[in-house]
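S.K.: There's a structure below that I have some questions on.
In the UniProt record's numbering, the protein residues as written are 1 to 500.
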């Protein structure tokens, strides 16, 4: 396969976003153009993922400049697995439509900014250059700043201020860390950085850089520093909440997995205990948040925080099984959180209420929505054979191998709490006596939205049933990232040869 194909998942959404700026008044045409572009990107990503699993990673050197002198994109199992999942979810979100009304959304160039955000996310997954990662982060964040502020409510403006300020601070810290790393090593290419770190006689200075990246990436992933997430996600409409919940924190979690298995693995004696502690704190925060609120959108937002704790705990075990489980759970969580916010959003739209204590007897009106709610709840809880089970099982095994019994206990307890919080909502809203609840005037749901939710419900079930097939990608991704020599040999063998 030609390495230039690696540019398709990145360039197509970029070109599409620019085209949609000119088509903003043609609502139907804009929607079809964006759907076609994202679908082609999804198919190309899936094709490349199958290729790299069977053969070798793809590498694209922009303008023919080889690493470490030029910007490099690498399509390995980890990056392409997440890129493929991203395009699938974005396709579903665009098909779902925009709740503010199609014409109003197009007037605000909302479809264009959704694709710009996709460009930033996909570029972050594919790039193998640290400064270009920063650029992709900024593209993603600038698009998200526009999307999170597209509203007229005071609540949304207040939430957007917190979101913007904390993410800007995180970007500053990331830029400082990049400067410190370049000063120490003189390179920003992932492979070259990994090589030079392993050749240092005294890696003390690198430990400080590793700490700065934990703060920077952790703030993006809502790891402990979660305060920007619940308010921002709770005020967004359905499709934007699904977009943010499925993608924004996942980029930070991906960066932590990539950097602390491939690049900063020599700092493991410092970073591993720190990851475990931070993951445990995040799990506790997320679990408390899920049972502390009666607003179902805030309950869903804290489910995002909780899942990040699971992923980083798997990374903190520093075992093959733990990291493999973290990657699997991260991929799965992109789909599951999109489905969760679709379901929650439609419940709010259908009934007009966000507080579940007002809603009873909804099952008689929309039973299919109850099926999707149960599936997503069991997937989040990690109940076999649903999609959350394989990743959590591997993280459990990794925790036992590294004897992180306190973290393992917390993970089990917070998983049960998170699942309980959703079951509480389900039984209150679906099994309650409608005559004792508030009088509800139901809004009609578009048929296409029903079809999208049922399709995603099927995909969540399929992920759990097809786990052995998906693990071919996650196991290969784990093996490559935890073995620096293997990664160099498969991605940039000429760097090792030239160095020697």
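Just so it is clear, CB atoms sit at the ideal spot from N, CA and C, and this is done for glycine as well.
Computed from a predicted model, the values in this text were never measured in an experiment.
How long is the line joining the alpha carbons of residue 435 and residue 461, rounded to whole angstroms?
M.R.: With a pLDDT of 49 at residue 435, under the threshold of 50, the modelled position of that residue is not reliable, and the figure given next carries that caveat. Cα to Cα, the separation comes out at about 34 Å.
S.K.: In three-state DSSP terms, what is residue 224?
M.R.: coil
S.K.: Going by DSSP, which residues form a beta bridge with residue 355?
M.R.: 295
S.K.: At the level of alpha carbons, what is the spacing between residue 43 and residue 314?
M.R.: Computed Cα separation, rounded: 30 Å.
S.K.: Among the residues of its own chain, which have a CB less than 7 Å from the CB of residue 490, if the five just before and after it don't count?
M.R.: 56, 57 and 480
S.K.: Do residue 89 and residue 335 have their C-beta atoms within less than 8 Å of each other?
M.R.: yes
S.K.: Apart from the five residues just before and just after residue 354, which ones in its own chain have a Cβ nearer than 7 Å to its Cβ?
M.R.: Listed in chain order, the non-local C-beta contacts of residue 354 below 7 Å within the same chain comprise 295, 296, 297 and 348, local neighbours out to five positions each way being set aside.
S.K.: Between the beta-carbon of residue 38 and the beta-carbon of residue 75, is there less than 8 Å?
M.R.: no
S.K.: Quick one: using the 10 Å Cβ neighbour count with 16 as the cut-off for buried, is residue 499 buried or exposed?
M.R.: Confidence is the limiting factor: at residue 499 the pLDDT is only 43, short of 50, which leaves the residue's position unreliable, though a coordinate-based value still follows. So residue 499 ends up on the exposed side.
S.K.: Taking just the CA atoms, how far does residue 378 sit from residue 429?
M.R.: 17 Å
S.K.: What does a CB cutoff of less than 6 Å around residue 278 pick up in its chain, not counting 5 residues either side in sequence?
M.R.: Here the set comprises 223 and 224.
S.K.: Is the distance from the Cβ of residue 300 to the Cβ of residue 344 below 8 Å?
M.R.: Yes, Cβ-Cβ distance for residue 300 and residue 344 is below 8 Å.
S.K.: Would you mind reading off the limits of the alpha helix (DSSP H) that contains residue 89?
M.R.: 77 to 96
S.K.: Quick check on residue 26: does DSSP put it in helix, strand or coil?
M.R.: coil
S.K.: What is the rounded straight-line gap between the Cα of residue 215 and the Cα of residue 366?
M.R.: Answer to the nearest angstrom: the Cα atoms are 43 Å apart.
S.K.: Tell me which same chain residues have a C-beta within less than 7 Å of the C-beta of residue 316, skipping the five on either side of it?
M.R.: 272, 275, 276 and 279
S.K.: Helix, strand or coil, according to DSSP, for residue 3 in the structure here?
M.R.: Helix.
S.K.: Residue 141 to residue 393, Cα distance in whole Å?
M.R.: Computed Cα separation, rounded: 33 Å.
S.K.: How many Å lie between residue 125 and residue 333 at the Cα?
M.R.: In this model, residue 125 and residue 333 are separated by some 16 Å (Cα to Cα).
S.K.: Have a look at residue 35 and residue 21 and give me their C-alpha separation to the nearest angstrom.
M.R.: 15 Å
S.K.: What did DSSP end up calling residue 54 once you bin it into helix, strand or coil?
M.R.: helix
S.K.: Enumerated in chain order, which unbroken segments of the alpha helix (DSSP H) with a length of 4 residues or greater are wholly contained in the segment 127 to 184?
M.R.: 130 to 149
S.K.: Just verifying my parser: in three-state terms, what is the DSSP assignment at residue 237?
M.R.: coil
S.K.: Looking at residue 245: is its Cβ nearer than 8 Å to the Cβ of residue 338?
M.R.: yes
S.K.: From the DSSP output, in three-state form, read off residue 109 for me.
M.R.: coil
S.K.: Could you give the C-beta distance for residue 401 and residue 324, rounded to a whole number, given that I count them as a contact under 8 Å?
M.R.: In fact, because the Cβ distance is near 12 Å, the residues do not count as touching under 8 Å.
S.K.: Among all the DSSP beta bridges, which residues are the ones paired with residue 189?
M.R.: 129
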